[in-house]
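In what follows, a single structure is set out as structure tokens and then discussed.
2 protein chains.
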Amino acid sequence: MPRAGLNRNRVAEEAAVMSDEVGLSRLTLATLAERLGVRQPSLYKHIDSMAGLHRDIAVHAKRALGEVLARASVGRSGPDAIAAMSHAYRDWAVTHPARYAASNLMPAPGDVEDEAVSVAAIQVIADVLTAYRLEGDDAVDAIRAFRSTLHGFVSYETAGAFRWSADVDVDRSFDRLVRGFIAALDSWAETSGHTLTTHLTTIGEDHDDRT
Amino acid sequence: MPRAGLNRNRVAEEAAVMSDEVGLSRLTLATLAERLGVRQPSLYKHIDSMAGLHRDIAVHAKRALGEVLARASVGRSGPDAIAAMSHAYRDWAVTHPARYAASNLMPAPGDVEDEAVSVAAIQVIADVLTAYRLEGDDAVDAIRAFRSTLHGFVSYETAGAFRWSADVDVDRSFDRLVRGFIAALDSWAETSGHTLTTHLTTIGEDHDDRT
DNA sequence: CAGAGAAGCTATTGACATTAGCCAAATGGG
DNA sequence: CCCATTTGGCTAATGTCAATAGCTTCTCTG
Chain A
1 MPRAGLNRNR
11 VAEEAAVMSD
21 EVGLSRLTLA
31 TLAERLGVRQ
41 PSLYKHIDSM
51 AGLHRDIAVH
61 AKRALGEVLA
71 RASVGRSGPD
81 AIAAMSHAYR
91 DWAVTHPARY
101 AASNLMPAPG
111 DVEDEAVSVA
121 AIQVIADVLT
131 AYRLEGDDAV
141 DAIRAFRSTL
151 HGFVSYETAG
161 AFRWSADVDV
171 DRSFDRLVRG
181 FIAALDSWAE
191 TSGHTLTTHL
201 TTIGEDHDDR
211 T
Chain B
1 MPRAGLNRNR
11 VAEEAAVMSD
21 EVGLSRLTLA
31 TLAERLGVRQ
41 PSLYKHIDSM
51 AGLHRDIAVH
61 AKRALGEVLA
71 RASVGRSGPD
81 AIAAMSHAYR
91 DWAVTHPARY
101 AASNLMPAPG
111 DVEDEAVSVA
121 AIQVIADVLT
131 AYRLEGDDAV
141 DAIRAFRSTL
151 HGFVSYETAG
161 AFRWSADVDV
171 DRSFDRLVRG
181 FIAALDSWAE
191 TSGHTLTTHL
201 TTIGEDHDDR
211 T
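Residue numbers (the UniProt record's numbering), protein chains in the order written: chain A, 1 to 211; chain B, 1 to 211.
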């Protein structure tokens, strides 16, 4: 009968911690409740559903990642900012693998809060890339390329996919990847014939797997 | 009691098809059995477990993807081969999203068959990149970079993450990404101070999430 | 044509998420 | 301070899965 003093944030926070320990897919309400000193159905006073809990983790994660990226790039610009942001991104993802995975979940269609933090995080990246004077479609291409590059590397790394040839330093590989991306950006900013000035707009439907 | 004529391959194949339709995480033994005209527990005559079924899907997928990549790069070399391979990779992944997700699952530690097909697929990439005379650690860096680049883009695309600014052509973005990677490779092959000649070797432990 | 092994089936179990319905603890207005 | 309301927690029960046990029926081989 004494109260545990839970609330939606506390639950999401502990869920995030637990997820980072055991993996997002092994986050279970039974053990989460146990960790919070409460019976399993009691969690429903603070969450809607498992999916809702995942969403809460995702929203927190997106916010945190966005802040990390912003902090890393403040005061820098151009290649310097890109490099700093890249390393901050990777560091955060590696130390919070499940939160990172959650941060890549697409917002549900009418979820304005989730949409907002998603856009905000991407906007940090967009702002940094603007240093290359890319506009319109070119900027979108660059943002997609940058996000893809980082996400691919980090998700392989957190999945342990680089244990092939484990003796080769992963830090060095990442460093070269980032340098390579910057080089690519340079070499392509010249040749680019851009047009429109489209930008981050609306959001689509649901997602699925998250591989 | 007429027999359904199932076997391990047939089950894995139908599982792969169903996964591509509904998503790997929504692959369920109940509906899989139904699709195969059999009761759910009967599947266990052909599979070990859900995890085993995922492994079977993964092995098939890795083999298929490896063949697709090999076919795309045969007769080509250098940037041409990389571009062809990249587009084949993306096309296959987009048409088989769940198989693609499965293809990124790490092999379990003693699973020699899975390890073999995994290495084989990566080896196709390694062979193509060899055209740049990258050796040892440099080659490993390049392979990691290439796989990361493709995987990041494709997994975002299949997750629907590019619906931000949906009006910008995704094909074009991919094309530029690939060109950018090639440019990066060029610009870095020059500056590279390499050393060892390490290569694809052994495999590590288990995996987890597959974001 | 017997009989062994493979391939199905029904019945059960156990782990989860989720819902219903009850009761106690905070809380806040008189 | 006191009671009414809201809030948070609990037990019990349900439904969906994966997984196991144990029985029956094909099927194929000697």
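Where is the CB? At the ideal position from N, CA and C, for every residue including glycine.
Pick from the options that is closest to residue i, judged by C-alpha positions
i, options, result
"A:Phe-181", "A:Met-85, A:Tyr-44, A:Val-22, A:Thr-28", "A:Met-85"
"B:Arg-8", "B:Ser-25, B:Val-140, B:Asp-20, B:His-54", "B:His-54"
"A:Glu-67", "A:Asp-80, A:Tyr-89, A:Met-50, A:Ala-81", "A:Tyr-89"
"A:Ser-165", "B:Ala-126, B:Ala-12, B:Ala-131", "B:Ala-126"
"B:Ala-70", "B:Asp-91, B:Asp-114, B:Val-128", "B:Val-128"
"A:Pro-97", "A:Glu-21, A:Leu-43, A:Glu-115", "A:Glu-21"
"B:Gly-37", "B:Arg-3, B:Ala-16, B:Thr-158", "B:Arg-3"
"B:Leu-134", "B:Leu-185, B:Pro-79, B:Ala-61, B:Tyr-44", "B:Leu-185"
"B:Glu-113", "B:Pro-79, B:Ala-83, B:Trp-188, B:Gly-52", "B:Gly-52"
"B:Ser-49", "B:Ile-122, B:Ala-15, B:Arg-35", "B:Ala-15"
Test item: CB-CB of residue i and residue j under 8 Å
i, j, result
"A:Gly-152", "B:Thr-149", "yes"
"residue 268 of chain B", "B:Val-117", "Since the first residue shown for chain B is 1 and the last is 211, residue 268 of chain B is missing from the structure and cannot be characterised."
"A:Ile-57", "A:Ser-25", "no"
"A:Phe-162", "B:Arg-144", "yes"
"A:Ala-81", "A:Ala-131", "yes"
"residue 254 of chain A", "A:Tyr-100", "There is simply no residue 254 of chain A to check, as chain A begins at 1 and stops at 211 in what is shown."
"A:Ala-61", "A:Ser-103", "yes"
"B:Ala-183", "A:Ala-83", "no"
Span separating the alpha-carbon of residue i from that of residue j
i, j, result
"B:Val-154", "B:Ala-93", "7 Å"
"A:Leu-105", "B:Gly-160", "10 Å"
"A:Ala-120", "A:Thr-28", "30 Å"
"A:Leu-6", "A:Ala-33", "11 Å"
"B:Ala-12", "B:Pro-109", "21 Å"
"A:Leu-65", "B:Phe-146", "25 Å"
"B:Asp-206", "B:Pro-107", "Residue placement at B:Asp-206 cannot be trusted, given a pLDDT of 37 that sits under 50; what the coordinates show is reported in the next sentence. Straight-line Cα distance between these residues: approximately 7 Å."
"B:His-87", "B:Gly-23", "23 Å"
"residue 212 of chain B", "B:Asp-111", "The requested residue 212 of chain B does not occur in the structure, where chain B is confined to residues 1 to 211."
"B:Thr-138", "A:Ser-187", "Here the sequence assigns Asp to residue 138 of chain B, which means Thr is not the residue at that position. Answer to the nearest angstrom: the Cα atoms are 21 Å apart."
"B:Ser-77", "B:Asp-91", "20 Å"
"B:Ser-42", "B:Arg-63", "27 Å"
"A:Val-124", "A:Gly-136", "16 Å"
"B:Val-17", "A:Pro-79", "44 Å"
"B:Val-140", "B:Lys-45", "41 Å"
"B:Arg-10", "B:Glu-115", "22 Å"
"B:Asp-208", "A:Arg-179", "Unreliable positioning characterises B:Asp-208 in this predicted model, as indicated by a pLDDT of 42, which lies under 50. The coordinate reading is nonetheless provided below. Straight-line Cα distance between these residues: approximately 29 Å."
"A:Ile-47", "A:Arg-35", "16 Å"
"B:Ala-122", "A:Ile-122", "One detail in the question is off: residue 122 of chain B reads as Ile in this sequence, not Ala. Straight-line Cα distance between these residues: approximately 31 Å."
"A:Tyr-156", "B:Tyr-156", "14 Å"
query: Touching or not, the stretch 162–176 of chain A and the stretch 156–174 of chain B, by the rule of three or more beta carbon pairs under 8 Å?
result: no
4-residue-minimum alpha helix (DSSP H) runs that sit fully inside the stretch 34–117 of chain A, ordered along the chain: 50–73, 78–95, 97–103
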